[in-house]
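Chains as they are written, first to last, in the working numbering: chain A, -9 to 404; chain B, 14 to 370.
A quick write-up on the structure given underneath.
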């Protein structure tokens, strides 16, 4: 009963869009063999392949003005500009572009449709690949299955298809959270995937290389994930901001609708917090609204921008969809409170993964091409710096209209 | 001959400068300015010009097409973030969000086309076909004559269509259906044929096609071989640049050799055509001003295009901004193209003052 209430508090934010939630998996393979994968949820019966790509939250450049529908020019920083969408296709038999693939049966099939015209339904696996190809085929994305991407909370690594851990590269991977800002007393789920690591720690405690963890911070705090192997170390940080004004009536603990219920204190925490003595604010408290802070420690080959955080709202599963999660509250440590969601056997395989996860696979370190300063997504807002130019434009228009009126008047006079 | 007409070379410079913005950018601000500038020139040049009505109807036709394509673009292109309204997804093709970005895209695409139409119409009003023909290089003389006749065909047809329709209306002809087209089309065909016969006779009488310089068969063969080899070199060179990126040097060399051979061949061929001219071209103050304006504007625009290409870039769909940028320099480059219209107007007044009739 108590657990159900907790689940209600978790799913309460978006109870409306629950039934008939569909999911599709998508892979983008980059030139250096690195891959981005994502599980996208949608409430429609089907969405177009292009819409699926848009909902990943990656930076997509689309040429909307081709005869065959939209063409994908660029994903994140790989590809061409929109005014020359197939800039690597200059005649000849070989060229590079973003080719479109469907996982059908047990293999990738080069799409016969444009992304605008193809309907993606529940359980589909779609691929985009930048690599050498021609107009009949392209570079196949790596073999994957839908379950590997969308059910990533099964703690096993995607078996078989992932390359063996490599000993010649520093660890790589990603660390993200469902929400970066939570109301006080509300919870969010951190999830991470790390490759090639010998040891992975979260705030100092050893954890699995791929896992999820539910946290209910009572104040803004930072989570630090450190992965090490013989070559180097990868540090990823995530700051969860607690919006102070959220439910004002509810104390940090005790209110059954928002706060996790107390549990017997003899339960040992699976993860000790970083600052057990910290009754006060965390010493590494970042400024409010800061989503990321650069890792202070040595970062090998993995700029902090590589941590991708989706801005799309994440719809969490319904109360009834979620098997009761095992929740324990650490009353011994007043702040921050970590709530570990146990990976029970029943929950592991059946619970849908509500988080669009991002995996960087194939052992490659994040390439500079991919992570270098991404342009800000769709700048639809008006930039005040344009105003003087618009003023000059209006003056010029007025001058021209005056000239036109003069010409017209003279013409009539003749 | 219109005495007030400015020099064709000056107008050609103006044409190049004015056509550059619509050809190189989609930015609606520059395109709007260009459209206005072309419109002013067009209205000044069209005053008292018989063919102006034909050109105006062509521009109107273009504008109608433009207005028709905007809703088409909006309904079929569902990209963009700023959604104006949404049609049900179940409607085929047109269902989905209708965005401001697609509206902007449709508007800017049409603006460029209308601008080009207006610019070329104004140029045609400003420059006489015969004068333009004199600018053609010697080797292209015959081809130039044929092209000039072909280019003049559409406006002539349009104006004689207007004449015939008016004449038939005066006779009480009313247009109700397709069958009523016959009294309009028959005279049009007859007039066109008559005009063609007349033209052929007058060209014959002026010795068109006659060769004044005797060419030995050997020389002619050499010239033709040179032209063939030049064309082959050009084709193979361009193909090599496109298809064999690693053989770039070879491709460039072949292209250059082909162009060189072609130029020599054309020059050889041009030597066989001798032409004399009766009227002299006069370079006046205004001609020099129009030429300077055209060259300056074109240079500013070309330099921007080559060195600051991003100033001209405009694409409303995300991830780019739907707000166009505006640079004062480029604005002035377009603005100065309106000056020729004012010069022409001024010149007309002076001519009118001298000759009040």
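All C-beta atoms in this analysis are idealised placements derived from N, C-alpha and C, irrespective of residue type, glycine included.
Integer Cβ distance of residue i from residue j, believed to fall under 8 Å
i                      : j                      : result
residue 228 of chain A : residue 162 of chain A : About 16 Å; that fails the 8 Å criterion.
residue 51 of chain B  : residue 146 of chain B : The pair is not a contact, with the Cβ atoms about 24 Å apart (cut-off 8 Å).
residue 325 of chain B : residue 40 of chain B  : 7 Å
residue 30 of chain A  : residue 19 of chain A  : Wrong, their Cβ atoms sit about 17 Å apart, outside the cutoff.
residue 344 of chain B : residue 372 of chain A : Wrong, their Cβ atoms sit about 19 Å apart, outside the cutoff.
residue 68 of chain A  : residue 114 of chain A : Contact doesn't hold; Cβ gap of about 23 Å is too wide.
residue 172 of chain B : residue 67 of chain B  : 5 Å
residue 105 of chain A : residue 43 of chain A  : 7 Å
residue 315 of chain B : residue 33 of chain B  : 7 Å
residue 355 of chain B : residue 393 of chain A : 7 Å
residue 77 of chain A  : residue 123 of chain A : Between residue 123 of chain A and residue 77 of chain A the Cβ distance is about 14 Å, and since that is not below 8 Å, they are no contact.
residue 116 of chain B : residue 87 of chain B  : 5 Å
Terminal residues of the beta strand (DSSP E) in which residue i lies
i                      : result
residue 173 of chain A : 171 to 173
residue 298 of chain B : Premise fails: residue 298 of chain B lies in the alpha helix (DSSP H), 298 to 320, not in any beta strand (DSSP E).
residue 14 of chain A  : 12 to 19
residue 165 of chain A : 162 to 167
residue 113 of chain A : Premise fails: residue 113 of chain A is in no beta strand (DSSP E) and is neither H nor E.
residue 88 of chain A  : 85 to 94
residue 62 of chain A  : 61 to 65
residue 32 of chain A  : 25 to 32
residue 100 of chain A : 97 to 100
residue 182 of chain A : 178 to 185
Alpha-carbon to alpha-carbon, residue j and residue i
i                      : j                      : result
residue 131 of chain A : residue 96 of chain A  : 13 Å
residue 22 of chain B  : residue 245 of chain B : 32 Å
residue 139 of chain A : residue 32 of chain A  : 15 Å
residue 381 of chain A : residue 57 of chain B  : 28 Å
residue 350 of chain A : residue 40 of chain A  : Residue placement at residue 350 of chain A cannot be trusted, given a pLDDT of 32 that sits under 50; what the coordinates show is reported in the next sentence. If I take the Cα positions, the gap works out to 22 Å.
residue 319 of chain A : residue 174 of chain A : Residue confidence is low: residue 319 of chain A scores 31 on pLDDT, short of 50, so the model does not pin down where it sits. Its coordinate-derived value is still stated next. In a straight line, the C-alpha of residue 319 of chain A is about 15 Å away from that of residue 174 of chain A.
residue 72 of chain A  : residue 198 of chain B : 47 Å
residue 189 of chain A : residue 28 of chain A  : 25 Å
residue 27 of chain B  : residue 217 of chain B : 34 Å
residue 187 of chain B : residue 136 of chain B : 36 Å
residue 192 of chain A : residue 219 of chain A : 15 Å
residue 365 of chain A : residue 38 of chain A  : Annotation note: pLDDT 40 at residue 365 of chain A (below 50); position unreliable, no value reported.
residue 389 of chain A : residue 109 of chain B : 41 Å
residue 200 of chain B : residue 191 of chain B : 16 Å
residue 62 of chain B  : residue 276 of chain B : 38 Å
residue 69 of chain B  : residue 49 of chain A  : 45 Å
residue 35 of chain A  : residue 89 of chain A  : 25 Å
residue 307 of chain B : residue 237 of chain B : 37 Å
residue 386 of chain A : residue 395 of chain A : 14 Å
residue 250 of chain A : residue 232 of chain A : Residue confidence for residue 250 of chain A is low, a pLDDT of 42 falling below 50, so the modelled location carries little weight and cannot support an answer.
residue 287 of chain B : residue 141 of chain B : 22 Å
residue 79 of chain A  : residue 257 of chain B : 12 Å
residue 118 of chain B : residue 112 of chain B : 10 Å
residue 92 of chain A  : residue 234 of chain B : 60 Å
residue 228 of chain B : residue 279 of chain B : 14 Å
residue 181 of chain B : residue 208 of chain B : 20 Å
Residue i - containing alpha helix (DSSP H), residue span
i                      : result
residue 379 of chain A : 377 to 403
residue 35 of chain B  : 21 to 37
residue 350 of chain B : Counting along the chain, residue 350 of chain B falls outside any alpha helix (DSSP H), and DSSP gives it neither H nor E.
residue 280 of chain B : 261 to 283
residue 89 of chain B  : 65 to 89
residue 108 of chain B : Neither: residue 108 of chain B is in no alpha helix (DSSP H) and is coded neither H nor E.
residue 42 of chain A  : 39 to 45
residue 196 of chain A : Note, residue 196 of chain A: premise wrong, no alpha helix (DSSP H); beta strand (DSSP E) at 195 to 197.
Any contact of the stretch 329 to 346 of chain B with the stretch 86 to 102 of chain B, i.e. 3+ C-beta pairs under 8 Å? yes
Kindly confirm or deny that the stretch 200 to 210 of chain A and the stretch 168 to 180 of chain A touch, where touching means at least three C-beta pairs closer than 8 Å. yes
Please list, in chain order, the residues of the stretch 32 to 43 of chain B that have any C-beta partner in chain A closer than 7 Å. 42
Please list, in chain order, the residues of the stretch 60 to 81 of chain B that have any C-beta partner in chain A closer than 8 Å. 60 and 61
Whether or not the stretch 337 to 351 of chain B and the stretch 97 to 116 of chain B are in contact is what I'm after, with contact meaning three or more pairs of Cβ atoms, one per stretch, closer than 8 Å; do they touch? no
Identify each residue in the stretch 334 to 360 of chain B for which the Cβ-Cβ distance to at least one residue of chain A is less than 7 Å, and report them in chain order. 334, 335, 336, 338, 339, 340, 341, 344, 348, 351, 354, 355 and 358
Segment contact flag, the stretch 114 to 124 of chain B with the stretch 75 to 91 of chain B, C-beta cutoff 8 Å, min 3 pairs: yes
Short-range partners of chain A found in the stretch 77 to 108 of chain B, where Cβ spacing is below 7 Å: 90, 92, 94 and 95
Could you run through the stretch 126 to 145 of chain B and flag, in chain order, every residue whose CB is less than 8 Å away from some CB of chain A? none
Residues of the stretch 379 to 391 of chain A whose Cβ lies closer than 8 Å to any Cβ of chain B, in chain order: 379, 380, 382, 383, 386, 387, 389, 390 and 391
Chain A contacts made by the stretch 307 to 330 of chain B, where a contact means CB separation under 8 Å: Correct list: 326, 328 and 330.
Would you call the stretch 294 to 302 of chain B and the stretch 149 to 158 of chain B touching, i.e. three or more CB-CB distances under 8 Å? no
Got a sec: which bits of the stretch 28 to 48 of chain A sit with their beta carbon under 8 Å from any beta carbon on chain B, in order along the chain? Near chain B, meaning a CB-to-CB distance below 8 Å, the residues of the stretch 28 to 48 of chain A are 34.
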